[in-house]
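Engineer: Residues in the sequence shown are numbered consecutively from 31, following the working numbering. After the structure tokens below, expect a handful of questions from me.
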Amino acid sequence: MNWRRYFWPVVGIAAVIFSLLLLWHELRGISLDDVWDGIAAIPTRGWILAAVSSVIAYASLAGYDHIALLHIGKRVSWLFVTLCSFTTYALSHNIGGSVFSGAVIRYRAYGTRGLTGQDVGVLVAVCWITFVLSTILASGLVLVFEPEILDRFSGIAHHGLSEAAGIAMLILVAAYVFGSWLHLRPLKIASFQLHYPALPIVARQLLIGPIELLAAAAIIFFALPAAHNPGYFVILGVFLVSFSIAQISHAPGGLGVFEVVFLAGLSDMDPVGVLAALLVFRLFYLIIPLILGLGVVLFFERSQFSRTEP
31 MNWRRYFWPV
41 VGIAAVIFSL
51 LLLWHELRGI
61 SLDDVWDGIA
71 AIPTRGWILA
81 AVSSVIAYAS
91 LAGYDHIALL
101 HIGKRVSWLF
111 VTLCSFTTYA
121 LSHNIGGSVF
131 SGAVIRYRAY
141 GTRGLTGQDV
151 GVLVAVCWIT
161 FVLSTILASG
171 LVLVFEPEIL
181 DRFSGIAHHG
191 LSEAAGIAML
201 ILVAAYVFGS
211 WLHLRPLKIA
221 SFQLHYPALP
231 IVARQLLIGP
241 IELLAAAAII
251 FFALPAAHNP
261 GYFVILGVFL
271 VSFSIAQISH
281 APGGLGVFEV
291 VFLAGLSDMD
301 PVGVLAALLV
311 FRLFYLIIPL
321 ILGLGVVLFF
331 ERSQFSRTEP
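Here it is as structure tokens:
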């Protein structure tokens, strides 16, 4: 038995269980009626803006695939790429291990459009780099302009360290851009080659990637109550920390992990209001896309089956 096949799933499940226990301890004095009241207190305007933000987030995620296809020089219809990207992220965000689960979904879809396994491998790599690059850029800006973000999690003031970390992140992004300008040699792993993106591709990465993160954080921001709300930029910082830790945990959908970290970052707000906003985020960013994504998969597989019928 190859234990490596089960290591990360076990880690993800353990992270979910541990986080749910912490979450139960944090919210043990809150009833379901309290949570429902918190959801009902969200104004119509908040629901609408949260929904629009989720649409912008997934539209930006579709841009990841468009950027990657432009990089490898493959032409695929705009509608197909958009539906494939939406389905990939809708399912992988809920399954966990988004790089690997997303690679399987993309290989199945793009293989029907003539892309080879290596093409899909490069596409997945470019999408992953776009996400990481965007996270580093957004996190660097937050740490420079809101260095007290980390204080919300540690309880200790270390603004100088936060600003230094933020500047280091921005320098890393600048180095990536500089590397594109230098036309560095491709990364080679056996027969696999990953060429450095050209400057126009990098420009698209630095534009479209952060928009997805900004829009995803906005879903929560618009659903949060106004009382003690620290403002969008702080919410963005807390979101980046929570989302990153949830991704690292490999917990399916970041279940429990995301909520625990986010509640810790907004400990000065009413936990009922924060939890209600997080449920809205899960609804718009995870649950509804998952349902729609499954519908797209069923339609796609049915159309493929019809084509193979004699």
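In this text, a Cβ means the ideal position worked out from N, Cα and C, and glycines have one as well.
Of the residues A257, Q277, Y315, which one's Cα is nearest the Cα of L296?
Structural biologist: When only C-alpha atoms are compared, the closest one is A257.
Engineer: Drop a sphere of 10 angstroms on the beta-carbon of M31, count the other beta-carbons inside from all chains shown, and report buried for 16 or more, exposed for fewer.
Structural biologist: Bear in mind that a pLDDT of 48 at M31, under 50, signals an unreliable position, so the number given afterwards is only what the model happens to contain. The residue is exposed, with fewer than 16 neighbouring Cβ atoms inside 10 Å.
Engineer: Do you know offhand how far A195's Cα is from V287's?
Structural biologist: 24 Å
Engineer: On the criterion of 16 or more Cβ atoms from any shown chain inside 10 Å, does L191 qualify as buried, or is it exposed?
Structural biologist: exposed
Engineer: Quick check on the DSSP output: the alpha helix (DSSP H) that includes R312 runs from which residue to which?
Structural biologist: 301–312
Engineer: What is the DSSP secondary structure of L217, reduced to helix, strand or coil?
Structural biologist: strand
Engineer: Can you list, in chain order, the residues of its chain with a C-beta nearer than 6 Å to that of F342? Leave out the 5 residues immediately preceding and following it.
Structural biologist: An answer regarding residue 342 cannot be provided, because it is not within the stretch 31 to 340 covered by the chain.
Engineer: Would you check if the region 67–74 and the region 296–311 touch, i.e. whether three or more CB-CB distances between them fall below 8 Å?
Structural biologist: yes
Engineer: List the residues that DSSP assigns as beta-bridge partners of L224.
Structural biologist: L217
Engineer: Check the C-beta distance from V326 over to T117 and give it rounded, since I have them as a contact under 8 Å.
Structural biologist: 5 Å
Engineer: I'd like the list of long-range same chain contacts for W343, defined as Cβ closer than 8 Å, with 5 residues on each side in sequence excluded.
Structural biologist: Because the chain is modelled from 31 through 340, residue 343 falls outside the range shown and cannot be assessed.
Engineer: Determine the extent of the alpha helix (DSSP H) in which V207 is found, giving its start and end residues.
Structural biologist: 189–212
Engineer: By the three-class DSSP mapping on this structure, what secondary structure does S84 have?
Structural biologist: helix
Engineer: Can you tell me whether G147 is helix, strand or coil according to DSSP?
Structural biologist: In the structure shown, G147 adopts helical secondary structure according to DSSP, grouped into three states.
Engineer: Work out the CA separation of P319 and L121 for me, nearest whole Å.
Structural biologist: Near 8 Å, if we compare the C-alpha coordinates of P319 and L121.
Engineer: Give the C-beta separation of F269 and A247 to the nearest angstrom, bearing in mind that I take them to be a contact with Cβ-Cβ under 8 Å.
Structural biologist: 4 Å
Engineer: Suppose you measure from the CA of I201 to the CA of R312; what does that come to, to the nearest Å?
Structural biologist: A direct Cα-Cα distance of roughly 33 Å separates I201 from R312.
Engineer: With a threshold of 6 Å on Cβ separation, who are the neighbours of D95 within its own chain once the five nearest residues in sequence on each side are excluded?
Structural biologist: V111, S115
Engineer: Going by alpha carbons, who is nearest to A205 out of G239, I166, I241, D181?
Structural biologist: I166
Engineer: I'd like the list of long-range same chain contacts for L79, defined as Cβ closer than 6 Å, with 5 residues on each side in sequence excluded.
Structural biologist: F252
Engineer: So, are the CB atoms of L266 and A198 less than 8 Å apart?
Structural biologist: Between L266 and A198, the gap from beta carbon to beta carbon reaches 8 Å or more.
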